[in-house]
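For reference, the structure discussed in these notes is given below.
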Amino acid sequence: MICKEATDLDYIDLRSDTVTRPTEKMRRAMAAAEVGDDVYGEDPTINRLQELAAEILGKEAALFVPSGTMGNQACLMAHTQRGDEVLLEEQAHIFLYEAGGAALLSQCQTRTIPGENGILDPDQVRDAIRGENIHFPRSSLLCLENTHNRAGGTVTPPELMRELAGVAHSAGLKVHLDGARVFNAACAAGVPVSEMVDPVDSVQFCLSKGLAAPVGSIVAGSRAFIDRCLGTRKILGGGMRQAGILAAAGIIALEEMVERLAEDHENARQLAEAIAEMDPFIVDLDTVQTNIVAFDVDPEWFTAADFLAEMGKRGVRANPVSPQRIRLVTHYEVSRANIETTLEAMNEVISSW
Ligand code: TLP
Numbered sequence: 001m002i003c004k005e006a007t008d009l010d011y012i013d014l015r016s017d018t019v020t021r022p023t024e025k026m027r028r029a030m031a032a033a034e035v036g037d038d039v040y041g042e043d044p045t046i047n048r049l050q051e052l053a054a055e056i057l058g059k060e061a062a063l064f065v066p067s068g069t070m071g072n073q074a075c076l077m078a079h080t081q082r083g084d085e086v087l088l089e090e091q092a093h094i095f096l097y098e099a100g101g102a103a104l105l106s107q108c109q110t111r112t113i114p115g116e117n118g119i120l121d122p123d124q125v126r127d128a129i130r131g132e133n134i135h136f137p138r139s140s141l142l143c144l145e146n147t148h149n150r151a152g153g154t155v156t157p158p159e160l161m162r163e164l165a166g167v168a169h170s171a172g173l174k175v176h177l178d179g180a181r182v183f184n185a186a187c188a189a190g191v192p193v194s195e196m197v198d199p200v201d202s203v204q205f206c207l208s209k210g211l212a213a214p215v216g217s218i219v220a221g222s223r224a225f226i227d228r229c230l231g232t233r234k235i236l237g238g239g240m241r242q243a244g245i246l247a248a249a250g251i252i253a254l255e256e257m258v259e260r261l262a263e264d265h266e267n268a269r270q271l272a273e274a275i276a277e278m279d280p281f282i283v284d285l286d287t288v289q290t291n292i293v294a295f296d297v298d299p300e301w302f303t304a305a306d307f308l309a310e311m312g313k314r315g316v317r318a319n320p321v322s323p324q325r326i327r328l329v330t331h332y333e334v335s336r337a338n339i340e341t342t343l344e345a346m347n348e349v350i351s352s353w
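The sequence shown begins at 1 in the working numbering and counts up one residue at a time.
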């Protein structure tokens, strides 16, 4: 097991797994990284990261990009043509939180489908795909998200991934996976990540979330697709130079930070089970499958913001996701002891209300 480095923070940060800072080993690797100009394809550390990522994912090729948002958008641009329709779950990150990039950059129309806890039903997808008709846009891409952030880190199982992709493929659509947390999904499903992503044409995953690298995401797919992404990444300003300094941390993220994700899942579960016992909160424990605990706050008690302001005074940071809903995210800088402290602070706020 990876040794958890004691956090030196004087607060507990449950706002996101994006807050994780690079480990000591990452910092050493970054300082020592061999670098070159990556726009010329000459950064040996980036090349090594891309090869490693492609191998782990079981895809022909991979590309290092600065962020998950850029990875998703570069893939959308590479898959679609102006005026196409992109199908997404209605709470998908690409739809909700990427600043309208699908409309702006790919000039696509989005069509959302309500999932159950973020998980799509193949029949709904089949019904949403447009047939041939001069009035219709061309349905060209289905985007999946696994784990599903807004639904609370839920996992679409690998068999369902295959079924959903099969529906899209048989109607001529491509499939992109926003797999920002796909390693969490694979860990929870108990399968290698390559099995999870096998049915999709492209995948984006974040090195900068639970895997603790400071910056970066990977997109992966066929060699021809990644060649197109080299172009779309350049348009988006994502052609970096001696970014092997960042890729060095990404290599450690893939080599050393994947296996320990199970600890974050156990911590989230412990947190969720205790919160479910607290009067002001409603937790659907079935949705707590990975490192995210999203739960409702009874408006008769307080708003999410008011409650979290009190938690902040007690050294626990978290974000509301709507006026009556809170999201807590576990990661490698949150220990089991921090979970206990968080629960104590929650009980204290409730009893003093
Ligand atoms: N998610 C962030 C916020 O943007 C909400 C977080 O704190 O969870 N896909 C998914 C499913 C994501 O959750 C995120 C980031 C992204 C894409 C974008 O990644 P970045 O932040 O690297 O652009």
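Glycine is no exception: its CB is placed at the ideal position from the N, C-alpha and C atoms. If you're wondering where the values come from, they're calculated on a predicted model, not measured in any experiment.
* In terms of residues, what are the limits of the beta strand (DSSP E) holding Ala212? -> That residue, Ala212, is in no beta strand (DSSP E); it is neither H nor E in DSSP.
* **Helix, strand or coil at Asp380 [DSSP, three-state]** => With the chain running from 1 to 353 in the structure shown, residue 380 is simply not present.
* Whole-angstrom distance between Asp84 and Asp10, CA atom to CA atom -> 49 Å
* Mind pulling the alpha helix (DSSP H) runs of 4 or more residues that sit fully within the stretch 261-322? -> 261-276 and 304-313
* Under the DSSP definition of a beta bridge, which residues are partnered with Glu85? -> Gln109 and Ser139
* To do: Return the CA-CA distance between Arg130 and Leu173, expressed in angstroms with no decimal places.
  => 10 Å
* **Check: Asp178 C-beta below 6 Å from any heavy atom of the ligand TLP** => yes
* **Buried/exposed call for Asn424, threshold 16 Cβ in 10 Å** => This structure does not reach residue 424, given that the chain is present from 1 up to 353, and the question cannot be answered.
* **Minimum C-alpha distance to Glu340 - residue among Lys313, Val39, Leu308 and Glu273** => Glu273
* With DSSP as the reference, please indicate the residues paired to Arg327 in a beta bridge. => Ala294 and Asn319
* Spatial neighbours of Arg355 within its chain, please: CB distance less than 6 Å, with the 5 preceding and 5 following residues excluded, ordered by chain position. => No statement about residue 355 is possible, as the shown extent of the chain runs from 1 to 353 and does not include it.
* Asked: To the nearest whole angstrom, what separates the beta carbons of Ala33 and Thr45, a pair I think is in contact under 8 Å?
  -> 5 Å
* Please determine if the stretch 204-215 and the stretch 331-340 are in contact, where contact requires at least 3 C-beta pairs separated by less than 8 Å. => yes
* To do: Please check the pair Gly153 and Thr290, which I expect to be a contact at CB under 8 Å, by giving their CB distance rounded to whole angstroms.
  => 4 Å
* beta-carbon His93 near the ligand TLP non-hydrogen atom, thresh 6 Å -> yes
* Would you call Ala6 buried or exposed, if buried means 16 or more other Cβ atoms sit within 10 Å of its Cβ? -> Residue placement at Ala6 cannot be trusted, given a pLDDT of 48 that sits under 50; what the coordinates show is reported in the next sentence. Ala6 should be labelled exposed.
* Report yes if the C-beta of Tyr97 is less than 6 Å from at least one heavy atom of the ligand TLP; otherwise report no. => yes
* To do: Can you tell me the Cβ-Cβ gap for Met196 and Val182, rounded? I've got them flagged as a contact below 8 Å.
  => 6 Å
* To do: Assuming Phe295 and Val283 form a contact by the criterion Cβ under 8 Å, report the distance between their Cβ atoms to the nearest whole angstrom.
  => 4 Å
* **Expected contact under 8 Å - CB spacing of Ile226 and Ala61 to nearest Å** => 4 Å
* When the Cα of Asp286 is compared with those of Ala29, Ile235 and Thr156, which residue comes out closest? -> Thr156
* Val125 - DSSP class collapsed to helix/strand/coil -> helix
* Asked: Nearest CA to the CA of Ile359: which residue from Asp121, Ser106 and Gln107?
  -> The displayed coordinates of the chain run from 1 to 353. Any statement about residue 359 would go beyond what the structure contains.
* Under three-state DSSP, which class holds Ser222? -> coil
* Helix, strand or coil: how does DSSP classify Gln204 here? -> strand
* Could you give the C-beta distance for Thr80 and Ser140, rounded to a whole number, given that I count them as a contact under 8 Å? -> 5 Å
* Asked: Relative to the ligand TLP, is the shortest distance from any of its heavy atoms to the C-beta of Gly68 smaller than 6 Å?
  -> yes
* To do: Check whether the Cβ of Asn117 lies closer than 6 Å to any heavy atom of the ligand TLP, and answer yes or no.
  => no
* **Close beta carbons around Leu207, own chain, < 8 Å, minus the five adjacent residues each side** => Ala213, Val215, Gly216, Ser217, Ile218, Ala249, Gly250, Ala253 and Leu254
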